[in-house]
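Sequences listed follow chains A and B, in order.
Residue numbering for the first sequence follows the working numbering, beginning at 201 and increasing consecutively.
Residue numbering for the second sequence follows the working numbering, beginning at 201 and increasing consecutively.
Glycine included, every Cβ here is placed at the ideal spot set by N, Cα and C.
There are 2 protein chains.
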Amino acid sequence: MDESIAKPSIREGNERAILAAAESVFAEHGFGGATMAAIAARAGVPKPNIHYYFPTKQRLYRAVVERVLTAWLDAAGSFDTSADASEALTTYIGAKMDLAREMPLSSQIWASEIMRGAPVIQDFLDTTLTQWVRSRERVVRKWIAEGKLRPIEPKFLFYMIWATTQHYANAAHEIASLENGRPLDDEAFERAKRQIVETILSGVAAS
Amino acid sequence: MDESIAKPSIREGNERAILAAAESVFAEHGFGGATMAAIAARAGVPKPNIHYYFPTKQRLYRAVVERVLTAWLDAAGSFDTSADASEALTTYIGAKMDLAREMPLSSQIWASEIMRGAPVIQDFLDTTLTQWVRSRERVVRKWIAEGKLRPIEPKFLFYMIWATTQHYANAAHEIASLENGRPLDDEAFERAKRQIVETILSGVAAS
DNA sequence: TATAGATTTGACCAAACGGTCAAATGCCGC
DNA sequence: GCGGCATTTGACCGTTTGGTCAAATCTATA
Chain A
201 MDESIAKPSI
211 REGNERAILA
221 AAESVFAEHG
231 FGGATMAAIA
241 ARAGVPKPNI
251 HYYFPTKQRL
261 YRAVVERVLT
271 AWLDAAGSFD
281 TSADASEALT
291 TYIGAKMDLA
301 REMPLSSQIW
311 ASEIMRGAPV
321 IQDFLDTTLT
331 QWVRSRERVV
341 RKWIAEGKLR
351 PIEPKFLFYM
361 IWATTQHYAN
371 AAHEIASLEN
381 GRPLDDEAFE
391 RAKRQIVETI
401 LSGVAAS
Chain B
201 MDESIAKPSI
211 REGNERAILA
221 AAESVFAEHG
231 FGGATMAAIA
241 ARAGVPKPNI
251 HYYFPTKQRL
261 YRAVVERVLT
271 AWLDAAGSFD
281 TSADASEALT
291 TYIGAKMDLA
301 REMPLSSQIW
311 ASEIMRGAPV
321 IQDFLDTTLT
331 QWVRSRERVV
341 RKWIAEGKLR
351 PIEPKFLFYM
361 IWATTQHYAN
371 AAHEIASLEN
381 GRPLDDEAFE
391 RAKRQIVETI
401 LSGVAAS
C-alpha cells in the first residue's frame with residue numbers, strides 16, 4: 201500500500217523472502233492447507249517474524265495474490281503492441297506461455313483463487329479484468345469486420361488462450377508424468393508454444 | 201472396492217450423500233481447507249457418522265477422487281467411437297465440454313489434485329492415463345500420415361483440448377464475473393462448444 | 001558509546017482440528 | 001416382542017493451528 205520513505209532495505213528483503221516462501225506453500229497446499237509454520241520454515245525465519253511483517257494469514261495471502269495480479273497485467277499489456285491480428289495474437293500467446301513457464305506458482309495461485317470463487321480478487325474481476333476484456337473484444341471485433349478473422353465470439357477465444365497457456369503451469373506435474381516424469385525441457389516447451397500459436401491462428405483466421 | 205452382497209441400501213444412500221457433500225467442500229476449499237465438520241454439516245449428518253462410513257479424511261478424499269476418475273474415463277471413451285478424425289475430435293471435445301458443465305466439481309477436484317502434485321492419483325497418471333495417451337497418440341499420428349491433420353504433436357493437441365474444456369468448469373466463476381455475474385446459459389454454452397470445436401478442427405486440419 | 005527505534009524469537013494461548021468411544025437408537029428376521 | 005446387528009450421536013481427547021507477548025538483540029545516528 202504505502203512505501204512512504206522507501207528506506208528500510210532490511211524490511212524489503214525479509215518481506216520478499218517471506219512472500220516467496222508463502223507463494224510456494226500457498227501454491228502447493230492452497231490457502232486452507234498452507235500453515236504459517238510451513239511458510240516460516242521455508243522462509244527460514246521463526247514464525248512470529250512473519251506476523252511482524254504480515255499481521256494475519258489472510259493479509260499475507262492477499263499480498264501474494266496481488267503480486268500475481270501484477271504479473272498477469274504485465275502479460276496482458278502485450279496485446280496492444282501491434283495492429284496486426286496475427287502478430288498481436290502471436291505475441292500475446294507467447295507472453296502468456298512465457299509467464300506460465302517462468303512463474304508457474306503465480307498461475308497456480310490464480311487458478312486456486314478462481315476455483316474458490318475469487319474471495320480476494322472479486323473486485324479485480326469486476327473492474328480491471330472486465331474492462332480489459334471489453335476493450336480487447338472491440339479489437340477482435342474490428343479484426344473480424346476487416347475480414348482478418350472468422351466471425352468468432354472474442355471471449356471464447358480469450359478463454360481458450362488463457363486455459364491453454366495456464367495449463368502448462370497448472371498441470372505441469374501431469375505433463376511431466378506423461379513424459380516419463382521429466383518436465384518439458386526448453387526445446388519441447390518452445391515446440392508447444394509454436395504449435396499452440398499455429399493451431400489457434402489457423403483456427404480463427406478468416407478462411 | 202468390495203460390494204460383495206450389495207444389500208444394504210441405507211449404507212449406499214448415506215455414502216452417496218456424504219460423498220456428494222465432500223465433493224463440494226473439497227472442490228471449494230481444497231483438501232487442506234476442507235473440514236470434516238463442514239462436510240458433515242453439508243451432508244446433514246453428525247460428524248462421527250462420516251467416520252463411521254469413511255475412517256479418515258484422506259480415505260474420504262480418495263473415494264471422492266476415484267469417482268472423478270470414473271467420470272474422466274467415461275468421457276475419454278468417446279474418442280474411439282469413430283474412425284474419422286473430425287468426427288472423433290468433435291465427439292470427444294463435446295463430451296469433455298458436457299462433463300465440465302454437468303460435473304464442474306469433479307473437474308475442480310481433479311485440477312486441485314494435479315496442482316498439488318497428484319499425491320493420490322499418481323499411479324493412475326503413470327498407468328491408465330499414460331496408456332490412454334499413448335494409444336490415442338498413435339491414432340492421431342495415423343490421421344497425420346493419412347493427410348487428415350497437419351503434422352502436429354498429438355500430446356499438445358490433447359493438452360489444448362483438456363485445458364480449454366476443463367476451463368469452463370474450473371473458471372466458471374471468472375467467466376460469470378465477465379458476464380455480469382451470471383453463469384453461461386445453455387445457449388451460450390453451446391455456442392462456446394461449437395466455437396471450440398470449429399477453432400480446433402480448423403487449427404489442426406490439413407491445409 | 002549512548003540511545004531510540006527496528007527487528008528477532010522462545011514461550012505461550014485459545015480455538016479449531018481430525019478422530020475416538022460408548023451409550024443410545026433403529027432395523028429386521030425369528 | 002425378542003435378540004442381534006447396523007447405525008446414530010453427544011461428549012470427549014490429543015494435536016495442530018493462527019496468533020500474541022514481552023524480553024532480547026540488532027542497527028543506525030549523534
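### Message
Let me see if you follow: with CB-CB separation under 8 Å, is glycine 230 of chain A close to chain B or not?
### Response
Chain B, which has a Cβ nearer than 8 Å to the Cβ of glycine 230 of chain A, makes this yes.
### Task
Could you check what DSSP says for valine 384 of chain A in three-state terms: helix, strand or coil?
Per the sequence shown, the amino acid found at residue 384 of chain A is leucine instead of valine. Of the three classes helix, strand and coil, the one that applies to leucine 384 of chain A here is coil, per DSSP.
### Task
In angstroms with no decimal places, state the Cα-to-Cα distance between asparagine 214 of chain A and alanine 311 of chain A.
26 Å
### Query
With 8 Å set as the bound, which would you pick, yes or no: does the beta-carbon of valine 486 of chain B sit closer than that to a beta-carbon of chain A?
With chain B running from 201 to 407 in the structure shown, residue 486 of chain B is simply not present.
### Task
Assign alanine 345 of chain B to one of three DSSP states: helix, strand, or coil.
The answer is helix: DSSP assigns alanine 345 of chain B an H, G or I state.
### Task
Alpha carbon to alpha carbon, how far is aspartate 386 of chain B from arginine 394 of chain B? Give it in angstroms, no decimals.
12 Å
### Message
How far does the alpha helix (DSSP H) with threonine 290 of chain A in it extend, from its first residue to its last?
### Response
285–302
### Query
My guess is that valine 340 of chain B and proline 351 of chain B are in contact by the Cβ rule of under 8 Å, so how many angstroms apart are they, rounded?
Contact flag wrong, Cβ pair sits at about 11 Å.
### Query
Does the Cβ of arginine 302 of chain A have 16 or more other Cβ atoms within 10 Å, making it buried, or fewer, making it exposed?
Residue identity differs from the one stated: residue 302 of chain A is glutamate in this sequence, not arginine. By the neighbour-count rule (16 or more Cβ atoms within 10 Å), glutamate 302 of chain A is not buried but exposed.
### Query
Residues in its own chain within less than 7 Å of alanine 285 of chain A by CB, not counting five upstream and five downstream?
Trp343, Lys348 and Leu349
#### Entry: Sequence-distant residues of its chain with Cβ nearer than 7 Å to lysine 247 of chain B (five each side left out)
So the qualifying residues of the chain are Met236, Ala237 and Ala240.
### Task
Give the range of the alpha helix (DSSP H) segment to which aspartate 280 of chain A is assigned.
Per DSSP, aspartate 280 of chain A belongs to no alpha helix (DSSP H) and is neither H nor E.
### Task
Give the residues from the segment 310–338 of chain B that approach chain A closer than 8 Å (Cβ to any Cβ), ordered along the chain.
Ala311, Ser312, Ile314, Met315, Arg316, Gly317, Ala318, Gln322, Leu325, Asp326, Leu329, Thr330 and Val333
### Query
Taking one C-beta from the segment 316–335 of chain A and one from the segment 316–328 of chain B each time, how about it: are there three or more such pairs within less than 8 Å?
no
### Task
Let me know if glutamate 346 of chain A comes out buried or exposed under the rule of 16 or more other beta-carbons within 10 Å of its beta-carbon.
exposed
### Query
With burial defined as no fewer than 16 other Cβ atoms inside 10 Å of the residue's Cβ, what is the status of glycine 277 of chain B: buried or exposed?
Classification for glycine 277 of chain B: exposed.
### Task
Could you tell me if glycine 233 of chain A is buried or exposed, where buried requires 16 or more neighbouring beta carbons within 10 angstroms of its beta carbon?
Classified as buried, glycine 233 of chain A has 16 or more neighbouring CB atoms from the shown chains inside 10 Å of its CB.
### Task
Per DSSP, which residues does alanine 405 of chain B bridge with? Please list them.
B:Leu349
### Query
Rounded to a whole number of angstroms, what is the C-alpha to C-alpha distance between methionine 201 of chain B and alanine 263 of chain B?
Low confidence applies here, because methionine 201 of chain B scores a pLDDT of 40, under 50, leaving its location unreliable and the question unanswered by this model.
### Query
When you check each C-beta in the segment 219–249 of chain A against every C-beta of chain B, which residues fall closer than 9 Å?
The residues in question are Ala227, Glu228, His229, Gly230, Phe231, Gly232, Gly233, Ala234 and Thr235.
#### Entry: Cβ neighbour criterion (16 or more within 10 Å) applied to isoleucine 210 of chain B
exposed
### Query
By how many angstroms is the C-alpha of leucine 269 of chain A removed from the C-alpha of isoleucine 218 of chain A?
18 Å
#### Entry: Residue span of the alpha helix (DSSP H) that contains glutamate 379 of chain B, given as start and end
Boundaries cannot be given for glutamate 379 of chain B, as no alpha helix (DSSP H) includes it and DSSP labels it neither H nor E.
### Task
Write down the C-beta distance between isoleucine 314 of chain B and alanine 371 of chain A rounded to the nearest angstrom, noting that I regard them as a contact closer than 8 Å.
In this structure, isoleucine 314 of chain B and alanine 371 of chain A form a Cβ contact; the two beta carbons are roughly 5 Å apart against a cut-off of 8 Å.
### Query
By DSSP, does aspartate 202 of chain A sit in helix, in strand, or in coil?
Summary for aspartate 202 of chain A: the model assigns pLDDT 39, below 50, so the residue's position carries little reliability; its value from the coordinates is reported in the next sentence. Note: aspartate 202 of chain A maps to coil in three-state DSSP.
### Task
Give a yes or no on whether the minimum CB-CB distance between alanine 363 of chain A and chain B is below 8 Å.
yes
### Task
Check the C-beta distance from alanine 392 of chain A over to tyrosine 368 of chain A and give it rounded, since I have them as a contact under 8 Å.
Confirmed, Cβ separation roughly 7 Å.
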